[in-house]
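J.:
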Amino acid sequence: ALNFLFPQAFYDAIEDFERGQVLQALPVIREQAKPFIQYLELSELPGNMLPTVLLYLDALTAAEQWREAAEVATQIPLSLAPASVLDRVGHLALALADAEQSSALDRVHRHVLSARMLSDARLAVMLDLAHAWRERSDYLRAFNLYRKIQVSENVYQTRARLWVAYCSFYLGHDLVPSVFLDHLPEMEVSTPGYSLRELIKARLSLRDEDFSAAMRSAAEGKTYANSTDPWYPELLYTVALVYARVDMNEASIAAHRELSISFPESPWARASLKDLETLTP
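What follows is the structure, encoded as structure tokens:
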């Protein structure tokens with residue numbers, strides 16, 4: 013194992029960092045960790061080299077030294093590192109978005125996308141990161157991650173293809189959503205994601221003003237969805253939209269009210285309340 017010895021000042025700095033004295037700890041942590049960065053291709057070997065660099069990355073993040081944090085993160089070989097490291101670098105990208113550091117964000121997001129030899133554990137992390145971007149309505153970053161997941165055969169492939177189609181719809185692509193839906197394996201109504209597929213089909217039919225097809229898909233999706241599905245509020249909203257487009261205003265109002273009562277914190281509930289103002293005198 014590659015276990016390196018450090019001066020006592022380094023361990024004192026770790027204690028300072030853990031007590032929240034980040035700016036005091038950072039220079040000492042930087043001094044000890046920075047020389048390891050050029051040797052990170054050896055980081056899959058047991059030892060304390062990678063943990064030391066990750067401590068440096070955590071200290072930079074806590075100190076909001078965003079440019080330097082991005083520089084360190086993008087030199088970590090994610091294809092060799094454990095899934096937990098991919099998760100940390102992915103969450104740095106989310107923090108960079110919160111801090112409006114667009115240039116550093118682009119670098120780190122590209123680095124996450126560059127990861128190869130994805131194990132199931134790494135794919136699970138990448139899927140969670142894609143979900144996080146989608147929930148922020150950053151459909152392009154989510155699309156790129158979902159698309160990477162679905163390229164090879166794996167346990168998440170069908171789910172990722174559904175989300176590629178979903179994000180593609182919101183990105184305004186004409187053909188991509190249908191292409192991905194057409195290449196899904198046969199799905200039983202009990203298959204996880206079946207109701208998501210029906211939601212996407214309903215959205216596409218609404219876009220194309222095929223209201224009867226939209227009604228069929230929305231009703232099918234609602235019938236077989238679970239209220240804990242993350243797309244369920246949007247499914248209710250889509251049902252309400254379809255009812256409104258075919259002049260079934262009472263049914264639309266009922267669906268909007270169900271959504272706003274059952275999921276008051278959802279952005280779809282807020283959209284529903286706005287629609288209710290136009291539907292109710």
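In my numbering, the protein residues as written are 13 to 293.
The C-beta atom is built at its ideal place from N, Cα and C for all residues, glycine as well.
If you follow the alpha helix (DSSP H) that Ser207 is in, where does it begin and where does it stop?
T.: By 1-based counting over the sequence shown, the position of residue 207 is 195. Taken as a continuous stretch (DSSP letters only), the alpha helix (DSSP H) holding Ser207 covers Tyr206 to Arg219.
J.: Would you list the one or two residues that DSSP bridges to Leu14?
T.: Walking along the sequence shown from the start, residue 14 turns up at place 2. Answer by DSSP bridge pairing, in chain order: Gly59.
J.: Let me know the secondary structure DSSP gives Gly233 once reduced to three states.
T.: Stepping through the sequence shown from its first residue, residue 233 is reached at position 221. In this structure, Gly233 counts as helix in the three-state DSSP scheme.
J.: Taking Cβ positions, are Leu98 and Arg134 nearer each other than 7 angstroms?
T.: Here residue 98 is taken as the residue at index 86 of the sequence shown, counted from 1. Here residue 134 is taken as the residue at index 122 of the sequence shown, counted from 1. Yes, they are a contact pair.
J.: Please report how far the alpha carbon of His103 lies from the alpha carbon of Ala74, in whole angstroms.
T.: Start at 1 with the first residue of the sequence shown, and residue 103 comes out as number 91. Start at 1 with the first residue of the sequence shown, and residue 74 comes out as number 62. Roughly 13 angstroms separates the two Cα atoms.
J.: What is the DSSP secondary structure of Gln77, reduced to helix, strand or coil?
T.: Within the sequence shown, numbered from 1, the residue matching residue 77 stands at position 65. The answer is coil: DSSP assigns Gln77 none of H, G, I, E or B.
J.: Is Leu248 near Gly233, with beta carbons less than 7 angstroms apart?
T.: Translated into the one-based positions of the sequence shown, residue 248 becomes position 236. Translated into the one-based positions of the sequence shown, residue 233 becomes position 221. No. Outside cutoff.
J.: Taking Cβ positions, are Leu108 and Trp78 nearer each other than 7 angstroms?
T.: Taking the first residue of the sequence shown as position 1, residue 108 is located at position 96. Taking the first residue of the sequence shown as position 1, residue 78 is located at position 66. Result yes, Cβ atoms of Leu108 and Trp78 sit closer than 7 angstroms.
J.: Quick one: what's got a C-beta closer than 7 angstroms to Arg42's C-beta in the same chain, skipping five residues either side?
T.: Taking the sequence shown and counting its residues from 1, the one referred to as residue 42 is at position 30. Excluding positions up to five away in sequence, the list reads Tyr68.
J.: One question on the structure: do Ser12 and Ala252 come within less than 7 angstroms of each other, judged by their Cβ atoms?
T.: In the structure as shown, the chain starts at 13 and stops at 293, and residue 12 therefore has no counterpart that could be examined.
J.: So what's Trp243 in DSSP terms, helix, strand or just coil?
T.: For the purposes of this step, residue 243 is identified with residue 231 of the sequence shown, where counting begins at 1. Trp243: coil per DSSP, three-state reduction.
J.: With distances taken Cα to Cα, identify the nearest neighbour of Leu66 among Leu54, Ala85 and Glu56.
T.: Along the sequence shown, read from residue 1 onward, the residue named residue 66 stands at position 54. Checked all of Leu54, Ala85 and Glu56; the closest Cα to Leu66 is Ala85.
J.: To the nearest angstrom, how far is it from the Cα of Asp118 to the Cα of Glu147?
T.: On the sequence shown, residue 118 is found 106 positions in, with the first residue counted as 1. On the sequence shown, residue 147 is found 135 positions in, with the first residue counted as 1. Going from the Cα of Asp118 to the Cα of Glu147 covers about 18 angstroms.
J.: For Ala21, count neighbouring Cβ atoms within 10 angstroms of its own Cβ and tell me buried if that reaches 16, exposed if not.
T.: Numbered from 1 along the sequence shown, position 9 holds the residue referred to as residue 21. By the 10 Å Cβ count, Ala21 comes out exposed.
J.: Label Tyr158 either buried or exposed according to how many other C-beta atoms from any shown protein chain fall within 10 Å of its C-beta, with 16 as the threshold for buried.
T.: By one-based count along the sequence shown, residue 158 stands at place 146. With 16 or more other Cβ atoms within 10 Å, it is buried.
J.: Which whole-angstrom value describes the C-beta separation of Gly59 and Leu14, a residue pair presumed to lie in contact below a C-beta threshold of 8 angstroms?
T.: Counting from 1 along the sequence shown, the entry for residue 59 is found at position 47. Counting from 1 along the sequence shown, the entry for residue 14 is found at position 2. Contact flag correct, Cβ pair sits at about 3 angstroms.
J.: Can you list, in chain order, the residues of its chain with a C-beta nearer than 7 angstroms to that of Tyr236? Leave out the 5 residues immediately preceding and following it.
T.: In the sequence shown, the residue the question calls residue 236 occupies position 224. For Tyr236, where only same-chain residues beyond five positions count, the Cβ hits under 7 angstroms are Val201, Tyr206 and Ser207.
J.: Starting from Arg100, follow the alpha helix (DSSP H) in both directions and report where the run begins and ends.
T.: Residue numbering aside, residue 100 sits at position 88 when the sequence shown is read from its first letter. Ala95 to Asp110 is the extent of the alpha helix (DSSP H) around Arg100.
J.: Quick check on Lys220: buried or exposed, where buried means 16 or more other Cβ atoms within 10 Å of its Cβ?
T.: Within the sequence shown, residue 220 is the residue found at index 208, counting from 1. According to the sequence displayed, residue 220 carries Asp and not Lys. So Asp220 counts as exposed.
J.: Under the assumption that Val254 contacts Ala283 (Cβ atoms under 8 angstroms), give the Cβ distance between them as a whole number of angstroms.
T.: Taking the sequence shown and counting its residues from 1, the one referred to as residue 254 is at position 242. Taking the sequence shown and counting its residues from 1, the one referred to as residue 283 is at position 271. Incorrect: roughly 14 angstroms between the Cβ atoms, too far for contact.
J.: For the stretch 140-170, which segments carrying the alpha helix (DSSP H) assignment without a break, of at least 4 residues, lie completely within its bounds, in sequence order?
T.: Qualifying alpha helix (DSSP H) stretches, in chain order: 151-162.
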